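See below for the structure under consideration.
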Amino acid sequence: MRERDLIRLEFFHVLDRIKTYAHSKATERFIDQIRPTSDRDSLKEKLSLVEDFMKVSNRVNLYNFE
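If you read the sequence shown in this note's numbering, its first letter stands for residue 12, the second for the next number, and so on.
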C-alpha cells in the first residue's frame with residue numbers, strides 16, 4: 012500500500028494509539044513497523060499464532076501489565 016494512502020486513512024494515528032498500550036521501547040519500535048499486507052499465507056500464519064497464544068493464555072496465569 013502506498014504511503015500516501017496510509018496517511019489519508021490515518022493509519023499512523025491508529026498505530027500511535029496502539030503504542031499508548033506498549034510497555035517498552037522495543038514494543039513501540041515493533042508497532043512502528045506494522046504495515047497492511049495482502050499476503051494471504053502470511054496473514055493466515057500470523058492469525059494462527061494469535062489463536063495459539065490465546066489458547067495458552069486462557070490456561071496460564073500471565074502477568075498483568077496494567
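Glycine included, C-beta positions come from ideal geometry on N, C-alpha and C. Just so you know, these numbers come straight off a predicted model, no measurement behind them.
{"Query": "DSSP-derived helix/strand/coil call for I42", "Result": "helix"}
{"Query": "Residue from L60, K57, F23, R51 whose Cα sits closest to the Cα of E39", "Result": "F23"}
{"Query": "Same chain, Cβ closer than 7 Å to D43, five either side skipped, listed in chain order", "Result": "L26"}
{"Query": "Test item: CB-CB of P47 and L73 under 9 Å", "Result": "no"}
{"Query": "Under the three-state DSSP convention, the category D27 falls into", "Result": "helix"}
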